[in-house]
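Taken in order, the first sequence gives residues 508 to 1013; the numbers are from the numbering used here. Notes for the one structure printed next.
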Amino acid sequence: MNTRVRFAPSPTGPLHIGGVRTALYNYLFAKKNNGTFLLRIEDTDQTRFVEGAEAYIVEAFKWLGLTFDEGVGIGGAHGPYRQSERKALYKPYAEQLVRDGWAYYAFDTAEELDAKRKEAEAEKKTFQYDANTRMGMVNSLTLPAEEVTRRLESGDHYVIRFKYPDNVDIHVHDLIRGEVVINSSLLDDKVLYKSDGMPTYHLANIVDDHLMEISHVIRGEEWLPFAPLHVMRYKAFGWDAPQFAPLPLLLKPDGNGKLSKRDGDRLGFPVFPLQWHDPKSGETSSGYRESGYLPDAVINMLALLGWNPGNDQEMMTLDELIELFSIDKISKAGAKFSLDKAKWFNHEYILQKSADELYPHFAKILADKGISTEESYIKSVIDLIKERLNFLGDFWDQASYFFVAPTEYDPQALKKRWKEGTGEKLRAIDSILTSIQPFDKMQAHDAVMKHIQDNELNMGQVLNSLRIALVGTAKGPELFTIIELLGVDEVVRRVERAIGVIEAGQ
RNA sequence: GGCGAGUUCGUCUAGUUGGCCCAGGACGUCAGGUUUUCAUCCUGAAGAUCAGGAGUUCGAAUCUCCUACUCGCUACCA
């Protein structure tokens, strides 16, 4: 049997990072088994449809480099892949279930059901539409046949509910947790077909997974309670059920509970792959891409949240992940998202990238600042400072002085490193640098060191004050490399400017 | 409330059939080293009585039972 898996999001908003991980595991599993990875859009709830969500999902996967073999936007032999476009297809399946005694028509209104629930709540009980209560409700089980026909024909609103056989143990075997048993009398008669003519998840999902020949259902653990229900449904249709793999949840970094959109805003990390503007609320949520993460880093980090290769290896490319992935190494417990670890992964990936690969990102940052400089110069700067970056966006913070002379000088550093007479000492260094024609870094270094020794100067004092003049702070890469990149003329200009600004302020 | 699932350092986790685990790695933390500085990098340290209890066993993180806690589900949402 071919391995066919699907990622089936609802276009109700941006793709949550937990959803991305679910998709990733599906992808890895498919590729590992030379199978097919397909994208199906589950837009059966018209009330929750959000404009732009589907396009967002497609773009997010494009950025991440996860490609679908089949589905929305790609096509394939099992289309259409948008459930709203498959609408007409579901009703006959629901009706088949009614004919076979696995389902029934129900005419109860939302108000009536609400009232029942309220009533039960008052008695500290829960109302459930099930084997115990269905005979007291308005449905094709309790109404005379001609009344049912009349109602259906007159266009009364109705839903189709699944009818569980009474008191049967349902066994569900899943790939992560093994066997789970539940008794059917505990389950409620889920609506399969809604009064608006759309199927619910519980029908559409089963029908589509069957029609699309899905072999493995890898989805979030929040679906675990529905597994017995779905298994029963496959049985009702007489179909073979796919294998289930309920993935542990992604938890918020502090406290407990599912990672939610709000946690990102609150704790300062993205919960979405791409930035998202909510068309309704007008709110903007940050994305990994815009926050300066590299897609491979996000993939690697996500892969390890709930799975591991069984050894100590942590840095893995997509191909390596595919090679090493296996469902039985997926953990059972939820994993807390860690910003520190995410940061570390990103740093490692930036380190691995060449200046050529990094160049487009940083050239864009510079262009946005209105700076255009030679590509080779920018690449030299990249090679020098990439090891100091956690995020692509740190570039300006760490390297701005290579493009714009500092106008402010860190007071703390000044206090420690800039004493009386410092200006004159720097001018002396300037003339040494200027005298070296053509400029040579090693030669300059040796000459300056000799000068410091000969005049019994304090090396830390001199070099750090020069650094402050050039950079604005007492931080940064090796000083003579900075001088070399900046050029001696610019060094002299910056020293003079620093002397002017600093000694005027003293 | 009901049902289900989960529970190893602060966090992610290793720990396949009980002994090589008084529990290993990584992130983070701390301390040294490297550096004119900061960051990187290198070295090292602290950090889990394996949720708790009771059993089985010569021997349990690994098996059994009980308890606790946490999470998930409990819609004509997915």
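Beta carbons: idealized from backbone N, C-alpha and C, even for Gly.
Using the Cβ count rule (16 or more neighbours within 10 Å means buried), how would you classify residue i?
i, result
"Gln590", "buried"
"Leu921", "buried"
"Val512", "buried"
"Pro732", "exposed"
"Tyr532", "buried"
"Asp621", "exposed"
"Leu972", "The amino acid occupying residue 972 in the given sequence is Ser; Leu does not appear at that position. Answer is buried; the Cβ neighbour count reaches 16."
"Asn962", "exposed"
"Met808", "buried"
"Asp819", "exposed"
"Ser792", "buried"
"Tyr884", "exposed"
"Gly817", "exposed"
"Asn690", "exposed"
"Asp826", "exposed"
"Asn853", "buried"
"Thr1020", "This structure does not reach residue 1020, given that the chain is present from 508 up to 1013, and the question cannot be answered."
"Lys631", "exposed"
Assign residue i to one of three DSSP states: helix, strand, or coil.
i, result
"Gly940", "Rather than Gly, the amino acid found at residue 940 in this sequence is Leu. Looking at Leu940 - three-state DSSP - the assignment turns out to be helix."
"His854", "helix"
"Phe930", "With the sequence shown as reference, residue 930 is identified as Gly, and Phe is not the correct amino acid for it. If DSSP states are grouped into helix, strand and coil, Gly930 belongs with the helices."
"Thr791", "strand"
"Trp609", "coil"
"Gly813", "coil"
"Gly520", "coil"
"Gln859", "helix"
"Lys871", "helix"
"Ile1009", "helix"
"Lys957", "helix"
"Gly525", "helix"
"Ile889", "helix"
"Gly727", "strand"
"Tyr916", "coil"
"Ala842", "strand"
"Glu660", "helix"
"Gln820", "coil"
"Gln750", "strand"
"Phe987", "helix"
"Pro945", "coil"
"Val778", "coil"
Residue i and residue j look like a contact to me (Cβ under 8 Å); what is the Cβ gap, rounded to whole Å?
i, j, result
"Gln905", "Leu899", "Between Leu899 and Gln905 the Cβ distance is about 11 Å, and since that is not below 8 Å, they are no contact."
"Tyr563", "Gly578", "Wrong, their Cβ atoms sit about 15 Å apart, outside the cutoff."
"Lys765", "Leu758", "7 Å"
"Ile683", "Lys839", "6 Å"
"Thr707", "Thr551", "7 Å"
"Ala530", "Leu573", "6 Å"
"Ala842", "Gly799", "Wrong, their Cβ atoms sit about 23 Å apart, outside the cutoff."
"Val778", "Ile524", "5 Å"
"Gln782", "Gly794", "4 Å"
"Ala743", "Asp681", "20 Å between Cβ atoms; not a contact."
"Phe910", "Thr880", "6 Å"
"Leu535", "Asp576", "Contact doesn't hold; Cβ gap of about 14 Å is too wide."
"Leu858", "Lys893", "7 Å"
"Leu596", "Ile806", "Rounded, the Cβ-Cβ distance is 35 Å, inconsistent with contact."
"Tyr916", "Ile834", "Not a contact, Cβ separation roughly 58 Å."
Sort the options by Cα distance to residue i and report the nearest one.
i, options, result
"His958", "Gly1007, Lys932, Gly559", "Lys932"
"Pro780", "Glu790, Arg773, Arg796", "Arg796"
"Phe614", "Glu915, Ser702, Ser838", "Ser702"
"Asn459", "Arg1004, Trp925, Ser938, Glu997", "Lying before the first or after the last residue shown, residue 459 is absent from the chain, which here runs from 508 to 1013."
"Arg1004", "Pro984, Ala976, Leu992", "Ala976"
"Val679", "Arg934, Ala748, Gly542", "Ala748"
"Tyr856", "Met822, Glu827, Asn674, Lys871", "Met822"
"Met949", "Tyr671, Leu986, Gly542", "Leu986"
"Val675", "Leu693, Gly794, Pro802", "Leu693"
"Ile492", "Asp826, Glu728, Leu736", "As shown, the chain starts at 508 and ends at 1013. That puts residue 492 outside it, with no answer to give."
"Ala537", "Arg624, Glu549, Met508, Pro984", "Met508"
"Ala601", "Arg528, Arg740, Val969", "Arg740"
"Ala954", "Gly967, Ser938, Ile806", "Ser938"
"Met719", "Asn541, Arg547, Leu992", "Arg547"
"Ser907", "Ile878, Phe514, Val557", "Ile878"
"Asp761", "Thr510, Ile581, Leu774, Pro755", "Leu774"
"Trp903", "Ala874, His709, Asp715", "Ala874"
"Phe568", "Asp863, Glu558, Gly580", "Gly580"
For the structure I just gave you, are there three or more beta carbon pairs, one from the stretch 721-731 and one from the stretch 688-706, closer than 8 Å? Taking one beta carbon from each stretch, the stretch 721-731 and the stretch 688-706 have fewer than 3 pairs nearer than 8 Å; the two do not touch.
Are the stretch 553-569 and the stretch 511-530 touching, with three or more C-beta to C-beta distances below 8 Å? In short, these stretches touch, since the Cβ pair count reaches three.
Count the CB pairs spanning the stretch 601-617 and the stretch 639-653 that are closer than 8 Å, and state whether there are at least three. Touching, yes.
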